[in-house]
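Numbering (the working numbering), first residue to last: 122 to 194.
Using N, Cα and C, we set each Cβ at its ideal position, and we do this for glycine too.
From a predicted model like this one, the values you see are computed outputs, not experimental measurements.
Notes follow the structure.
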Amino acid sequence: MYSTGSGMAKNSHFVEQVSAIFRKDDEIIVGCQSGKRSLMAAAELCSAGFTAVTDIAGGYSTWRENGLPVNGR
């Protein structure tokens, strides 16, 4: 939902871009570092008619703090 550059800005094409890849009934899991942006993104997808959207509550940092599996660094 947000892109970087000189900071964070709302991606006005977010729903359009997601719609080009996923159907409205596909399972979509949304996450970000702290959970704030992903919650907004999930809400926007639900408002656009997506029916199987899950937000990673608390973001990736909470995921790691709870000892859930991660790959990579």
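Quick check: the Cα distance between residue i and residue j, rounded to an integer number of angstroms?
| i | j | result |
| --- | --- | --- |
| glycine 193 | glycine 179 | 20 Å |
| arginine 185 | serine 155 | 11 Å |
| leucine 189 | tyrosine 181 | 10 Å |
| alanine 164 | threonine 183 | 20 Å |
In chain order, what residues of the same chain lie with their CB nearer than 7 Å to the CB of residue i, ignoring the 5 residues before and after it?
| i | result |
| --- | --- |
| threonine 172 | Lys145, Asp146 |
| isoleucine 150 | Thr175, Ile177 |
Under 6 Å Cβ to Cβ from residue i, same chain only, skipping five residues before and after it: list those, please.
| i | result |
| --- | --- |
| glycine 170 | Lys145 |
| glutamate 148 | Ala173 |
Here's the rule I'm using: 16 or more other beta-carbon atoms within 10 Å means buried, otherwise exposed. How should residue i be labelled?
| i | result |
| --- | --- |
| valine 191 | exposed |
My output table needs one value for residue i: the three-state DSSP class, helix, strand or coil.
| i | result |
| --- | --- |
| alanine 164 | helix |
| alanine 141 | helix |
| valine 191 | coil |
Note down, in chain order, each residue of its chain lying with its Cβ closer than 8 Å to the Cβ of residue i, except the 5 sequence neighbours on either side.
| i | result |
| --- | --- |
| phenylalanine 143 | Ile149, Phe171 |
Provide the residue span of the alpha helix (DSSP H) that contains residue i, from first to last.
| i | result |
| --- | --- |
| threonine 172 | Unbroken run through threonine 172: none, as it is neither H nor E. |
| serine 182 | 180-186 |
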